[in-house]
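The structure appears below as structure tokens.
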Amino acid sequence: AQSVTQLGSHVSVSEGALVLLRCNYSSSVPPYLFWYVQYPNQGLQLLLKYTTGATLVKGINGFEAEFKKSETSFHLTKPSAHMSDAAEYFCAVRSYNTDKLIFGTGTRLQVFP
Amino acid sequence: SQTIHQWPATLVQPVGSPLSLECTVEGTSNPNLYWYRQAAGRGLQLLFYSVGIGQISSEVPQNLSASRPQDRQFILSSKKLLLSDSGFYLCAWTRDSLLAKNIQYFGAGTRLSVL
Numbered sequence: 006a007q008s009v010t011q012l013g014s015h016v017s018v019s020e021g022a023l024v025l026l027r028c029n030y031s032s033s034v035p036p037y038l039f040w041y042v043q044y045p046n047q048g049l050q051l052l053l054k055y056t057t058g059a060t061l062v063k064g065i066n067g068f069e070a071e072f073k074k075s076e077t078s079f080h081l082t083k084p085s086a087h088m089s090d091a092a093e094y095f096c097a098v099r100s101y102n103t104d105k106l107i108f109g110t111g112t113r114l115q116v117f118p
Numbered sequence: 052s053q054t055i056h057q058w059p060a061t062l063v064q065p066v067g068s069p070l071s072l073e074c075t076v077e078g079t080s081n082p083n084l085y086w087y088r089q090a091a092g093r094g095l096q097l098l099f100y101s102v103g104i105g106q107i108s109s110e111v112p113q114n115l116s117a118s119r120p121q122d123r124q125f126i127l128s129s130k131k132l133l134l135s136d137s138g139f140y141l142c143a144w145t146r147d148s149l150l151a152k153n154i155q156y157f158g159a160g161t162r163l164s165v166l
């Protein structure tokens with residue numbers, strides 16, 4: 006069975022500081038990994054995804070994530086936080102042979118001026 | 052372009068009342084469709100998914116049911132709501148192709164409060 010663990014339900018950073026949101030997964034088959042962002046009272050929007058190929062993937066709004074098989078991790082980073090980055094972020098995993106996404110419990114990012 | 056619509060955006064219902072939430076997708080055909088529930092601090096839980104008209108798979112036993120009467124329409128229902136049905140309900144879709152299944156597109160959600 007697949008699962009996702011997001012460490013830290015809340016993360017606070019100052020504007021301009023590094024953003025690091027942690028995600029670890031468990032999968033018995035090669036995983037496909039995703040980060041989604043959710044702004045208040047809205048649906049989820051895809052930030053980036055890893056399927057195959059380059060392990061460092063770049064997404065929208067300056068975010069990127071690196072797939073590390075040895076660490077079973079897919080942490081999300083952004084070099085410099087912006088006030089507009091305040092939102093909830095979800096990591097998700099699925100295997101290559103299914104449509105179903107398994108989501109983590111989410112991390113709420115706060116950005117202070 | 053493809054769009055997904057959910058309504059209503061918010062809903063307040065008394066315990067024991069029925070429920071019907073609707074989701075429609077435009078601009079594509081034969082999508083795979085999903086209903087999720089998001090409860091505070093618990094992430095997203097997949098409730099139902101459908102690969103075609105009349106084809107519904109349930110992920111967890113619960114007080115809810117789903118139907119797909121048309122290719123691009125997905126309905127979430129309940130005959131009698133429970134307090135525990137409160138939450139944020141999200142509909143999503145993917146294209147029905149091997150490569151395009153990588154991305155799920157989400158609607159704006161329905162916030163349901165059962166009182």
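Protein sequences, first through last, are from chains C and L. The first sequence begins at 6 in my numbering and counts up one residue at a time. The second sequence begins at 52 in my numbering and counts up one residue at a time. Glycine included, each C-beta is placed from N, C-alpha and C at the ideal position.
I need the boundaries of the beta strand (DSSP E) containing residue i, first residue and last residue.
i                : result
Arg113 (chain C) : 112-117
Tyr140 (chain L) : 138-145
Ala97 (chain C)  : 92-100
Asn29 (chain C)  : 29-31
Pro36 (chain C)  : 36-43
Gln106 (chain L) : 106-109
Leu61 (chain C)  : 61-63
Thr10 (chain C)  : 8-10
Leu49 (chain C)  : 49-55
Arg93 (chain L)  : Run containing Arg93 (chain L): none; DSSP gives neither H nor E here.
Ser128 (chain L) : 124-129
Leu166 (chain L) : Neither: Leu166 (chain L) is in no beta strand (DSSP E) and is coded neither H nor E.
Measure how close the beta-carbons of residue i and residue j come, nearest whole angstrom, since I'm counting them as under 8 Å.
i                : j                : result
Arg93 (chain L)  : Thr110 (chain C) : 6 Å
Phe79 (chain C)  : Tyr30 (chain C)  : 6 Å
Leu115 (chain L) : Val165 (chain L) : That belief does not hold up - the Cβ atoms of Leu115 (chain L) and Val165 (chain L) are roughly 12 Å apart, past 8 Å.
Glu69 (chain C)  : Thr82 (chain C)  : 6 Å
Ser80 (chain L)  : Asp122 (chain L) : 6 Å
Thr112 (chain C) : Val16 (chain C)  : 6 Å
Tyr94 (chain C)  : Val62 (chain C)  : So it is not a contact: roughly 15 Å between Cβ atoms.
Trp58 (chain L)  : Tyr140 (chain L) : The Cβ separation is near 11 Å, so there is no contact.
Gly160 (chain L) : Cys74 (chain L)  : Not a contact, Cβ separation roughly 10 Å.
Val24 (chain C)  : Ala86 (chain C)  : 5 Å
Arg88 (chain L)  : Ile107 (chain L) : Not quite, the Cβ-Cβ distance comes to about 16 Å (not below 8 Å), so this is no contact.
With DSSP as the reference, identify every bridge partner of residue i, one or two as the case may be.
i                : result
Lys105 (chain C) : None; Lys105 (chain C) has no bridge partner.
Asn83 (chain L)  : L:Thr145
His80 (chain C)  : C:Glu71
His56 (chain L)  : L:Thr75
Gly103 (chain L) : L:Gln106
Val24 (chain C)  : C:Lys83
Leu70 (chain L)  : L:Ser129
Leu98 (chain L)  : For Leu98 (chain L), which the question treats as bridged, DSSP gives no partner whatsoever.
Taking DSSP as the reference, what is the three-state secondary structure of residue i?
i                : result
Leu115 (chain L) : coil
Leu134 (chain L) : helix
Ser19 (chain C)  : strand
Ile154 (chain L) : coil
Ser89 (chain C)  : helix
Taking 6 Å as the line, does the beta carbon of residue i fall inside it for any heavy atom of the ligand PLP?
i                : result
Ser137 (chain L) : This structure lacks the ligand PLP, and indeed carries no ligand of any kind.
| What are the residues of the segment 94-109 of chain C that lie near chain L, defined by any Cβ-Cβ distance shorter than 7 Å? | Phe95, Asp104, Lys105, Leu106, Phe108, Gly109
| said: Which residues of the segment 36-52 of chain C have a Cβ closer than 9 Å to any Cβ of chain L? Give them in chain order. | reply: Cβ contacts with chain L: Tyr37, Phe39, Tyr41, Gln43, Asn46, Gln47, Gly48, Leu49, Gln50, Leu51.
| Which residues, taken in chain order from the segment 57-80 of chain L, show a beta carbon closer than 7 Å to some beta carbon of chain C? | none
| request: Scan the segment 53-66 of chain C for residues whose Cβ lies nearer than 7 Å to a Cβ of chain L and list them as they occur along the chain. | output: Lys54, Thr56
| task | Return the residues of the segment 11-39 of chain C that lie within a Cβ-Cβ distance of less than 9 Å from chain L, sorted by chain order. | result | Gln11, Ser14, Tyr37, Phe39
| said: Any C-beta of chain C within less than 9 Å: which residues of the segment 89-102 of chain L qualify? | reply: Gln89, Gly92, Arg93, Gly94, Leu95, Gln96, Leu97, Tyr100, Val102
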